Structure formats: structure tokens, C-alpha cells
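Inspection log for the structure reproduced underneath, given as C-alpha cells.
Protein chains: 4
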Amino acid sequence: MANKLMFASDYQEGAHENIIRRMVDTNLISTSGYGTDEICASARDKIRKACNCPDARVEFLVGGTQTNATVIASILRPYEGVIAADSGHINVHEAGAIEYTGHKVIALPGADGKLSAETIADFLHSYEIDENNDHTVKPGMVYVSQTTEYGTLYSKSELTAISQVCRQHNIPLYLDGARLAYALACPENDITLPDLAQLCDAFYIGGTKCGALFGEAVVIPDSNLIPHFFTMIKQHGALLAKGRLLGIQFDELFSNNLYEEIGQTAISYAREITEALHKKGYKLYLNSPSNQIFFIIENNALQELSQQVEYSYIEKYDDTHSVIRFATSWATTSESVQALISIL
Amino acid sequence: MANKLMFASDYQEGAHENIIRRMVDTNLISTSGYGTDEICASARDKIRKACNCPDARVEFLVGGTQTNATVIASILRPYEGVIAADSGHINVHEAGAIEYTGHKVIALPGADGKLSAETIADFLHSYEIDENNDHTVKPGMVYVSQTTEYGTLYSKSELTAISQVCRQHNIPLYLDGARLAYALACPENDITLPDLAQLCDAFYIGGTKCGALFGEAVVIPDSNLIPHFFTMIKQHGALLAKGRLLGIQFDELFSNNLYEEIGQTAISYAREITEALHKKGYKLYLNSPSNQIFFIIENNALQELSQQVEYSYIEKYDDTHSVIRFATSWATTSESVQALISIL
Amino acid sequence: MANKLMFASDYQEGAHENIIRRMVDTNLISTSGYGTDEICASARDKIRKACNCPDARVEFLVGGTQTNATVIASILRPYEGVIAADSGHINVHEAGAIEYTGHKVIALPGADGKLSAETIADFLHSYEIDENNDHTVKPGMVYVSQTTEYGTLYSKSELTAISQVCRQHNIPLYLDGARLAYALACPENDITLPDLAQLCDAFYIGGTKCGALFGEAVVIPDSNLIPHFFTMIKQHGALLAKGRLLGIQFDELFSNNLYEEIGQTAISYAREITEALHKKGYKLYLNSPSNQIFFIIENNALQELSQQVEYSYIEKYDDTHSVIRFATSWATTSESVQALISIL
Amino acid sequence: MANKLMFASDYQEGAHENIIRRMVDTNLISTSGYGTDEICASARDKIRKACNCPDARVEFLVGGTQTNATVIASILRPYEGVIAADSGHINVHEAGAIEYTGHKVIALPGADGKLSAETIADFLHSYEIDENNDHTVKPGMVYVSQTTEYGTLYSKSELTAISQVCRQHNIPLYLDGARLAYALACPENDITLPDLAQLCDAFYIGGTKCGALFGEAVVIPDSNLIPHFFTMIKQHGALLAKGRLLGIQFDELFSNNLYEEIGQTAISYAREITEALHKKGYKLYLNSPSNQIFFIIENNALQELSQQVEYSYIEKYDDTHSVIRFATSWATTSESVQALISIL
């Protein structure tokens, strides 16, 4: 099927072998539905333990856009919107799923995909002193992602500063962890799962891009934050009938430290590729420490490349160059990386 | 895990062995995402063939509520609502997912879960002659399900009559086939997949309850009915990143006649149980030809039963009796049926 | 303009002369906008006084459907719906405005337009004991109207019983008073404005049908019930820029007892017409004590009548008869009533 | 009431005397409701004539935010958003009313409140060439306003260019004319009502700020553009029961050229004030040809000014200066202008 080298994204393969094996082993047992089964219970416990947050509410949803829309619409009141970086996934690549629930995405300028505490604080301050702010959307929560759309990382001090701003202004902080395993696997990363549970009011641990077939685990440290969350999940069409499939996957991801390790090869392969790009004179578009590599390529070279490699086209750089992205994943093999490097 | 006999629903096990095997076999191949891969293409083709509808649009979504909300919200205009039987899943058990998209469910009285062509025609007529109908919700489509919430079946003549009413009034007919495999497996059934493609403007072939891990295949005979449907699916959080997982499942379900056969044992087991109920003097709540059995049980007997069997509680019948439901499925075993019968 | 006798509705004329005079007198003074002016402040005070509810929040909106949608959508959480009689205005004649805000109207059977406390209590009880109620819409408030769609009245004991049910179940009670002046003017009525403020969590005092050009005054006894209500009003497009126009109208309606008296002639004329109908052998469709008269008329007689009188067509009664409605109003004249009677 | 000079906005007084007189004269006639009366019919005809567009659909709504939300939500499909300047009223000052209907406001950078055809064309082009655009909100219409939020004017050539871009890309152009009378009264203006009817697919002629008590007239040159628009208006709570009140106002505004002349004194007073600001050394924030004057004032001077004059605070300019706005209107008097100038 894959005649080309596949570096277009990190959701091109199935799941980690442990997950597949467990899926096979449990296939014919009978359990209750909707995540009320024992496997989900076990997975929830493991996640609570990994987050050092024994009272957290943990819910499993199927995909990222769905999770973002469900969580955000469940937290906001109708007169509120969600602050996000202008490059944020919810602002750009979710087909207006947030607005479809009735809420404005308040896009603030980011830097390399990241919002700064100062940008957020300035905006909240200007809202609060505006005499006519009852004619405008109230900023009701903050959305960030780790890693960001550009594969960059918040440091612990940066995320702490954002968290403090949110708490001063009494608005929840929500973190999209679609690629959280790759963040955790970065040597530069200094934010742990327990840190997230302390700094965020809600976050999700991404499965789809991090070794699962599908699935995202929403963690809500204060389990009372969202009343009737189960019904909201159902209302959003996000409640999986055979919920145990999500339990199985996260139970495996949170056994034997798998989630914290599964991104490691992807990170080292990404660095190998980055180094090769440097050596061969390509210019990086930005410095990403994680599993996504954004770089600039001459258009003729790109056309050649596209015969052999699948990549993500990002944008026009200038009249003769483009920005493209490679993504490595838990499933990337050494062979394909070597093959890619030799093509470059 | 299951110490009790599990007859509460038809989504308590994993998937048919063919599906699991294919999932394992394809696990590490790389494909593009979002249903643009070759396995999905193959599954689409097989479904088009099975429906004798070569130009149909086929899209794979994850679950039933999600599919109903996405299809209905994509077809209706804001001033329109959807007609359904008062017992219809969208009216009762989807947590208001349809209304959440801004549309009224226009609930009309059903009989044993079925709407009649006459009921629909009368309502449409009364809407059309109402001089003030521009102050009311316009009926914009009709929703039925096969089998219904009560496990009953539309006959071909009944569905044809409904289809004719819809076409006379120029509103689409949509059929929810969450349990379609069980309908197809009923000896009484005279509606084929090609019939559905001729009579309906949209319908979905249920996977979740019919042998898949999850997944519903939406079939739209006139492929132009819903512009930008892909974006709507994304907006509803219903687009699976690793879309091939849906392709794999439907490709298997539509190989070797599996989908048309997979419900057969469930139907014969259901009849065995029904017969046993008769013999032992239980009264049926209604006559269902498919895999759901609704019957009346004395409350003390129920309490005893609940020690050994999982069932669905439906409603209070009178002060000393209740209505409960057993469901069989493709995964039900002869042993469990015999055990259940001996308990009854 | 009106060559026919106009009995189709109670919003066919302008406003009470006091209102028009005040509008003229204040036309060129300058005030701040959006209801922040002194006239609105005065009107709010008068309403609080009339309701014996000094801490109530009072907001002025433009029309009834708008008011219902804004209040209901501001009170409900996304997973909640509003209980109403099946004949309720929000269920039938608001073009799906409530559903458009994402909420289900939970229609329960009424009697002559009225919900009983028992019907509501039974429904709430069945919701609460349903083990699967997290898959259904949570009943989040109750909507009633005084007078009802059929011109009937809740008695104080009936409304008290409903209020008690709501408080036992901790859900707000909201009363639509589009025709409240006509209720207050009925000799049978025993519910005062202070009663409403005690029994309801929100209600509106109708202006449009009760002597104003337009306008409805929302009264919320617990002023903290709806946070950011001003912003919600703006978001619903229900914030009048020249808010003082609403202040002017309610300031006049609540001067010199005008609101409590303005419906009186309408009621006595309605009774005169009802008596005439009786005498002439017409059969009433139901007994309405207020300004709406529903009766049955033979279709040939109706066609004749329609040459000289405007009425509201309600529905087909049988193959040869129809149900129609006459409405009187504060502006109905003795001459027109006599003319109508002589035509009947 | 107004002890201060009132220059905060252009909706601080009632209505032009012709309108008030007509309101008084017609007060007790009986008409049908919801804009189906003869006065509305007459007003519609006059507007069609003024726009040289005999087949246009004309509907009267109550206020600006309401009109924008109703028109935009009626035109867009769920997967579409509306392009607007970042400073556009719908993006900033409507409390998220557009997003509340489920649609994204796609904010593009404006200059002095204006969007350029080039900015729009570039954005549409980048959308169209984006291979992943089915994951993003489709731009479905363009929103501009005349005059803009900053009182600036589109020239005929500018609006023509925008219109051409829209038609090339097959998306409707909608113009918000809340302050259209002030645009028409500007000597620099070269866009007539017939031009608007040729260049736009929908626009509204503002009443509220232009001499009416309230009311906006939506003009849709192709009367079939929005099916069931009446029901949509009702659903949005934007249908005035006594619709004739809107008919009366627009019938007067479109008699004797009133609408095209009513802004003239406001414009000449605004220029007088601007000239005085220049003379006295104030710096304009931007050059606005219409009835809004944005300028920079030292904070101590502002505090003094605020004792005697009501103005709109716009934003902080620097640590010691602010940007404020004066607005003149059809009701502004020579005396107040002279008084203001002597204070400055």
C-alpha cells in the first residue's frame, strides 16, 4: 500500500502491539457499554496514578476535534469564548467545530504556536477595563496545546505563568495533548503529567497520534468542574458504545510506562532527520524539539521529493520555495528514516 | 469479567473474528488518514455493489448518535425539523443531540415503534394548509429506523408508502440502520439493501451492533445530496483520523455475504428465548421479530433473575410487574441461551 | 385600512394614549442607550413595587418569542430542556426558536392549554428513576403561560402546586405573561403580580398585546439567577439601542394602575361576544375566561363571516365545521363589538 | 435629563418629527400583524424604488445585531463562516451573536475599518489552493459596513472591486448600513442606493441611528436568495408583532427624500467640530468623513471634559493620552455644537 516513504503525519499506522494483543485477547468477553466496564475503570485508575491526582475525573473520547468541542462547550457559558493562539488547532483545523457549538474562538497572536502568559494577561486586562465589555464575548477559558501545532513545547515556567494568570482571572485552563507523548519524550521537556494535573483545569492525553488506534483521555483534576459531563459527551456524539475499546488502549498505554516511552524513538528519528537537513543545507522553518520537522524546500526539489515521499504541505514560502512538514511517530522505522535521509 | 449471563444489549462484545484478524494483519501498514485510503475505497465499492447503487456516496462514521446528528444537521436548513416516531432514538435516547444542532424533533405517534405513511402524510398536509405555518418549524425530513427501537420491522410496502409520501412532499427520507443486520436476518423481512437505496435518500448500515467494534456506514444514493459533507463530518467531531479502521471493518462485513448473515444466529436464539418465555407463561410486551425481546415479569421474579442475568429495564408495567428487554447478538452463544432458558 | 371588523388578534392597533403622549413628549431629549437611562430606571422601580419584590432584576425586551428564547437559553445548561404543555407557544408557534438555541422543548400533555403539577411531577419522577437518564435530556426548567394559548387561567392553587414541584426538584419555573394584563383583568383570576414574584423564578409582563407598541418586561426575583444576562440579551439580538422606548412604555403602564386595568374592557367585550355566541347557538370549543374566544362554526357560515370579519383560523373541527378564534383587546370598541354581534 | 452635552452616540434621541407624527396619526387604526399590512407594503415599494430594484425583497427588522445575525445565519450553510474586517461590528461588538448561530467570523486585517478587495481575494485564493481546506471553515460570505466602525467610507470603485471578487468566487456580499444615511450625506460618497442593490447580495438600510426610533430595512435584490426568510426572522426573535411600526418609520424615511437628507446636518456639524479640534491642536486618531470623530486627548483634559460632555471612550493611546469619539446625529443642534466647541 505504501510505495512511498510515509512522513506525512503521525496517524498513518495502527496501534502499538500491546494494544492489538489486548484487543484480540479480550475480543469475546462481554462487558457493559459506554465506559462503565472494569477495563475502563482500571485505565482510569492508572491515569489518575500517573497524574498523581487520585480524585480526577477521567473520560475517554474518540478523537481530538470531538474532545476539544465537547470539553470546551461543556465548560463555557453561552456568553463566553475560548482564548487560543491564532495557530491553534481549534482556530484553524477543526472546521469551525467550536463555533458550531455557539462559542467564539478568541484568537490571540502566538509565537511559534505558543501563547505567552503576558499576551493572555494583557487581553484579559483590556477586557476587564473595557466599559462596554458587556457587548463583547467574555473570555471564559484558555486553550493551549502540548506539543503545539508547530511541535514546540511550553516549559514548566511558561505553563505555570499561564496557569497563574488564569487563576487570577478565575477562568479555566485547558490543554490539548493530542501529541502529549511526544512532548513527554523530549529531553527538553520539564512538564510531567502530575504538573499538568496541577496547572490545568482540564487536559487530554492523546491516544490517536501516540500509539493507540484512536482515543483521547480527558483528565479533570477537580471532578466536579463539569456537571453532567457524561450527558454532554453523549449529546456531542462522542460516547463510544463499546467504551471498553478505549479502556483497553489506555490501560495498555499506562502499563509499564509505555505512554512516557512510546514517543522516544520518534523524537530521536526526528532529530536524525533534522540533522540531515542541516547537513544538506536545508533551512528549518522553525526549531521544533518534538516529532514534527518544518523546513523550507525549493519547489523543484519538492516536486522530485514528492515522487518518493509523503509529507505535509504547509504553505508557500516565497515564489520558488515552500514550507513542508515531516512527522515521525512511534511506528517510524529506522529503515524508513535512513531511506528518507538518503533521498534528501 | 462476565459472571452473569449478558443479555442487556447487542454491543457487549468486540468484533467478528474476520474483522479482528484483518485489524491485526494490517496494523503496521501505513496509509493516509480520514478515510482517504485504499481499504476504505474497497469497502465503499463493496457497499455500493451490495446496494446496487454504483453512484452512491458512502461515508464511515464512528457511532449511531453521532451519525444521526451529523446526517440530519447536514440535510436540514435552520428553519426545518425532522419527523420521527415518538419512541425514535433521536427523540428519546440521544441526550438532545439533534436539538443541540438547532433542530426540532417533530415527534409523531408511532405504533410499536413504527411511523405509518398515513401519520406522516396527515401531518405534512396539516402543515401545508396551515395559514400560519411560517411561524412553525417546517418538516424537513423523515427519520425511521430498521429495526425500530422496539425491534419491529417495516415491510417493503410500508416503507414504500412512506417513501412516496416523502417524495410527494419533496422531503428526504432517512433510515437509521443501527440494527440493520438483524432486520436483514429476519425471515419476515422483505426489504433488501438495494430497496433501501431506492426508497431512502440517506440511510446508514450499522456496524457497532452488528459485528464491528464500532462504525456506521452512511449511504447517500444521490451523491450530491449533501454538499461539503466531509467538512460537516469533521465539524461534528465525527471524522476518524485513522479512517481505515472503519474501512477494514466494513470491507470485512461486506465480504462473503457476512453482513447479511451475521444476524442469523441472533434471530434464531431470540426466537428460542421467546418460545421459552411463552412456554413458561411470560407475557410478551410486544411482538418483535428481531433480536430484541420485550416481556413482562413479576417484580419478585425480576429481582431473582437479576442475580444471574443482565437485562435492560424498560419501564414499570403495573404495581407488581415490569417490562424488561433481552437482546441477542452475533456473539451470543448457544450455551448462554440454554443457560438463560433454564433460569427463566 | 380596516374595512373589516378586526378580531383576529390583540396586536392590531398601536398603543395606549398615555404611552403615545409620553413618546411624543420625550422624543427629543437625549439619554444614554441600552436601557441605562433614567426612564428605564423609573419603570424598573415601579415594576418592582407592583411585584412587591424590591430586589428583582427587571429587563426590557422587544417581543415574546425573543424573550422566551433569551430567558430559556440563559437559564438552561446545554444538557437541559424545558418542559412545556404540548400546546405551549414555545412548542408550536415560535418557529423552533428554542431548539435553535440548542435545547429540547419537552412537550407534556396539557388540558385546555394548562399543565398540571401532577403531570410535571410524574415526568420528573420518571426521569429521576430512569437508570439511563444520562442518555436523555435533563428537564431543566418549566414553562407555563398566563393566560395560556387557549386563554385559560391557572389558579393560585394550581400555580402554587407547580411551583412546589419545581422547587422540590430544584428546577426554575418560568411564566410567559404575553397576555398577563388580560389574566389580571379576569374576575376569576386570583394570582397577583406579587404572587408571581413569589411562585416563579422568572416571568415576563407582556406589553405588546397589552397596550404597548411593543415590549416585554422580564422579572427575575432572585437577581443573581442569570449571570451576564445583559450580554445574553445582546447576543440574542434582543437589546434595543434606544432602550428608553421600552422604559417609557412600562413606566406608563405601571403608572396609575394602568396595567391592571387595561385589560378590563377586553374581558367584558369578550364575555358579551361569548354570550351572543351562546344565544345564537354556536358551540364554544372550550371555556376561556379571558380575551380569546374559541368556537365552532359551520364552514358555509364561516365563509360568509370572512367577508366582514377578520378572525383566526384554528383548525378543522369536522368535515363541515371549523374552530376559529376571536380576540378582543384594550383597543376594542363597543361599536365593533355590537357590529360583530349583529353579524353573527 | 441631559445636563451634559450628549455626543456619545447617534442613538440618544427619539425619531424624526415626521415619524412621530405618523405614529400618532395611525395609532388606533387596525392592521394585520408581522409586516403584512399596507403601510409596510408602501414602505417596501418606496425602498425598491429608491434602490431602483423593483424585484427586491425588503424585510424590516428591529435592530442591527439582530439583523446581522439573522441575515448571516440565513445565508450561510453550517460549514461556512463570514469574512469581516477585524474591527467589524460582528467581530467585536455583538457579544458573539454570529458565533452563537454556529458560524465563525473570519476576521481579516482591515485598514481604518475597511477591507480591501485584495485582502479578500488573497484569503479566498489561499483557501481554495489549500489541499486540506475541507478541515477548515469555508468562507461563505463577506460582511462590510458603510460607514465602517471608524466612520470611513468605501468608494464606489472599492466596493465594486470587492463585489467582483465575491462574484468570481460565488459568495454573497452583505453590507451593514447601520449608518448608511450618514454615508449618503457625505460629499465624498459616490455610492448610491441603486449602486448598493447592484453590488451587494444583501444589505440593510439603517433606521435606528438614522432618524427612526428603531428598525433596519433588509434589501435582498434577488428575492429568492434566502428561502423561508420570514420563518428565520421569527426563529431569531426578530419578527415584530406590530410590524407596521417599522413600515411607518421607513415609509416616512423614504418620503420626500428624507433618508438621503437626514444625515446632512450631522455631517456638517461633525466637520465643524473636526475643524475646531484641528484649530485647538487636538490630533485626530484617523480621518473620518462621516458623523463620527475619533481624536486623541490628554488624560487630564479628558477628565475635565467628562464633567460637561458625554463621549465614547475608545482606547488608551499612550500613558498620558486616550482616544475618544464624538458622534453627531440627525438630532444634533447647532447650540450643542457651539457649546461643545467652546468647551474644547
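Residue numbers (the working numbering), protein chains in the order written: chain Z, 14 to 357; chain R, 14 to 357; chain G, 14 to 357; chain S, 14 to 357. Where is the CB? At the ideal position from N, CA and C, for every residue including glycine. Since the model is a prediction, treat every value here as computed from it, not as a measurement.
Within this structure, are the beta carbons of residue i and residue j separated by less than 8 Å?
i         : j         : result
Leu186(G) : Ser176(G) : yes
Leu74(S)  : Thr83(S)  : yes
His29(G)  : Leu193(G) : no
Ile32(R)  : Glu317(R) : no
Pro91(S)  : Gln79(R)  : no
Gly101(R) : Ser158(R) : yes
Ser197(G) : Leu290(G) : Note on identity: in this sequence residue 197(G) is Leu, with Ser being the wrong assignment. It is not a contact, given that the beta carbons lie outside the stated cut-off.
Ala118(Z) : Glu112(Z) : Looking at the sequence shown, residue 118(Z) is not Ala but Val. Yes, the pair counts as a contact, with Cβ atoms nearer than the cut-off.
Gln262(Z) : Gly228(Z) : yes
Cys199(S) : Ile275(S) : no
Gly94(Z)  : Gly153(Z) : yes
Val150(R) : Ile184(R) : no
Leu253(Z) : Gly76(R)  : yes
Asp23(Z)  : Asn304(Z) : yes
Gly109(G) : Thr161(G) : no
Helix, strand or coil for residue i per DSSP?
i         : result
Ser45(Z)  : coil
Glu265(R) : helix
Leu171(S) : The residue you asked about is not Leu; residue 171(S) is Glu in the sequence shown. Three-state DSSP puts Glu171(S) in a helix.
Ser22(Z)  : coil
Ser129(Z) : coil
Gly260(G) : helix
Ala147(S) : Reading the sequence as shown, one finds Asp at residue 147(S) and not Ala. In this structure, Asp147(S) counts as helix in the three-state DSSP scheme.
Ser355(G) : helix
Ser342(R) : coil
Met14(Z)  : With a pLDDT of 43 at Met14(Z), under the threshold of 50, the modelled position of that residue is not reliable, and no figure is offered here.
Arg9(Z)   : Not covered by the structure: residue 9(Z). The range shown for chain Z is 14 to 357.
Lys296(G) : strand
Pro185(Z) : coil
Val75(G)  : coil
Glu93(S)  : strand
Ile280(R) : helix
Below 8 Å on the Cβ atoms is my contact criterion, and I expect residue i with residue j to pass it. Report the Cβ-Cβ distance as a whole number of Å.
i         : j         : result
Gln211(Z) : Leu18(Z)  : About 41 Å separates the two Cβ atoms, so there is no contact after all.
Gly250(R) : Phe216(R) : The Cβ separation is near 22 Å, so there is no contact.
Leu137(G) : Val178(G) : 7 Å
Ser335(R) : Asn312(R) : 6 Å
Thr346(G) : Ala283(G) : Not confirmed; about 14 Å, so no contact.
Gly256(Z) : Gly46(Z)  : 6 Å
Asp214(S) : Leu238(S) : 6 Å
Gln25(G)  : Ser43(S)  : 4 Å
Thr287(Z) : Ile306(Z) : 6 Å
Cys64(G)  : Val232(G) : 6 Å
Leu41(G)  : Gly27(S)  : 6 Å
Indicate, with yes or no, if the ligand COA has a heavy atom lying under 7 Å from the CB of residue i.
i         : result
Leu353(G) : Only the bare structure without any ligand can be found here, which leaves the ligand COA out of the picture.
- Please specify which runs of the alpha helix (DSSP H), each continuous and at least 4 residues long, are wholly inside the region 205-237 of chain R, giving them in chain order. 206-212
- Task: Check distances from the C-beta atoms of the region 105-136 of chain Z to those of chain B and list, in chain order, the residues that come in under 9 Å.
- Result: The question asks about chain B, but that chain is absent: this structure's protein chains are Z, R, G and S.
- Which ranges would you report for the beta strand (DSSP E) in the region 287-334 of chain R if only whole runs of at least 3 residues count? 305-311, 325-331
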